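Let me begin by presenting the structure, written as structure tokens, before commenting on it.
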Amino acid sequence: MHTRQQDRTAALRGKKILVTGGTGQVARPVAEALAEHNEVWCLGRFGAPGVERRLNERSITTRYWDMTDPSDHTLADVPDDFTHVLHSAVRRGEDGDFNAAVEANSVAAGRLMTHCRAAESFLYVSTGAVYARQSLDHRYTETDPVDGVADWLPAYPVAKLAAEGAVRAFAQVLGLPTTIARLNIAYGPGGYGGVPMLYFKRMLAGEPIAVPLEGQNWCSLLHTDDLVAQVPSLWRAAETPATLVNWGGDEAVGITDCIRFMEELTGVEAHLVPSAVTRETYQFDPTLRRALTGPCAVGWRDGIRRTLLAHFPDHVRVPAHR
């Protein structure tokens, strides 16, 4: 079945594309959309039941790849003639082992870039969590300072910064045109729905949701329709040294506002608890990204409504036209 995402990536045709983390919220919709007009391979662990089969049904070639396993030789059995690479696989470091997370992410990036050194373009998906925290409503730009501190998942931004360093180095050493895209919050009907749907699950369970003691966390929600549509532009922006860009939506979205909007749509009450430690989010200045990709097409309220309808259709009771 043809989708809006496929329409918006149709300009990229006849390419051979490698995607890592092919079952994730970011990489899977990209892989599925691009498979309509290109040869797409996905590397991943395919832990969710049936997901590898569904990718294969979309004419996507899959190979198991555990980026944390130093003895893994999967890349030796993968072609090296890809024209484009999207590297989204990550070891997030939930176990708190900083050294293991740093080594897994940086070494995997270097190995992958070396294997695909002949590619036209390499896109590495990083995170806005690397930025040094400023005020809640600060609009982060690509030149803002980083520190890799995130109380909600401490090893994650450290590992991402380490991987960014590896990607920058290999881009120049190999002469591989590269874009590093620091992702904000991706969400949408596919996958698990993204962070907003994690919050809604907590709402359904009556669990507390930590919010700042004053004000609210802000973010730049990026609907997967826009994410998928922007990938070819991010590949075209690749250079050596690597291009760095914040990858988020056009609109500033307050997390508390988003939760209240989901209350309005569903009638499910959120239990917000002021806390000194929250899942920090960051709103981006979209100027550079808009210059590279053009504007987003999906407003956040419509995107949240569509995502709730996809994941929790029985709970959506208000159309919310605003």
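Numbers 1 to 322, taken from full-length UniProt numbering, label the letters of the sequence shown in order. Virtual Cβ for every residue (Gly too), placed ideally from N, Cα, C. Computed from a prediction, not measured in an experiment: that's the story for all the values here.
From the DSSP output, read off the bridge partner residues of residue i.
i: Tyr124; result: His87 and Ile180
i: Thr243; result: Thr179
i: Glu39; result: Lys16
i: Cys258; result: None; Cys258 has no bridge partner.
i: His223; result: Tyr187
i: Trp218; result: Gly254
i: residue 373; result: The structure shown has nothing for residue 373, since the chain only spans 1 to 322.
i: Gly44; result: Tyr64
i: Val146; result: Tyr131
Just verifying my parser: in three-state terms, what is the DSSP assignment at residue i?
i: Ser275; result: strand
i: Val173; result: helix
i: Ala31; result: helix
i: Gln6; result: Any reading at Gln6 needs caution, since the residue's pLDDT is 45, under 50, leaving its predicted position unreliable; the model's value is listed next. Three-state result, Gln6: helix.
i: Tyr187; result: strand
i: Phe82; result: coil
i: Phe284; result: strand
i: Val228; result: helix
i: Arg290; result: helix
i: Arg322; result: Per-residue confidence for Arg322 stands at a pLDDT of 46, beneath the threshold of 50, marking its modelled position as unreliable; no derived number is given.
i: Arg58; result: coil
What residue range is occupied by the uninterrupted beta strand (DSSP E) comprising residue i?
i: Tyr64; result: Thr61 to Tyr64
i: Lys16; result: Lys16 to Thr20
i: Ile209; result: Pro208 to Pro212
Evaluate residue i with the Cβ neighbour count: other Cβ atoms within 10 Å of its Cβ, from every protein chain shown; 16 or more gives buried, anything less gives exposed.
i: Glu164; result: buried
i: Asp226; result: buried
i: Gln134; result: exposed
i: His84; result: buried
i: Gly175; result: exposed
i: His73; result: exposed
i: Trp65; result: buried
i: Leu213; result: exposed
i: Gly188; result: buried
i: Val273; result: exposed
i: Thr243; result: buried
i: Gln216; result: buried
Beta-carbon of residue i versus every beta-carbon of chain D: anything under 7 Å?
i: Asp95; result: Included in the structure is just one protein chain, with no chain D present.
With respect to the alpha helix (DSSP H) encompassing residue i, which residues constitute its N-terminal and C-terminal limits?
i: Gln307; result: First, the residue type needs correcting, since residue 307 is Thr and not Gln in the sequence shown. Thr307 -> alpha helix (DSSP H) spans Trp300 to His311.
i: Ser106; result: Phe98 to His115
i: Met67; result: First-last for Met67: undefined, no H or E at that position.
Three or more C-beta pairs under 8 Å: does that hold for the region 263 to 277 against the region 156 to 176? no
Would you check if there are 3 or more beta carbon pairs closer than 8 Å linking the region 188 to 197 to the region 214 to 225? yes
Taking three-plus beta-carbon pairs below 8 Å as touching, is the region 117 to 129 in contact with the region 181 to 189? yes
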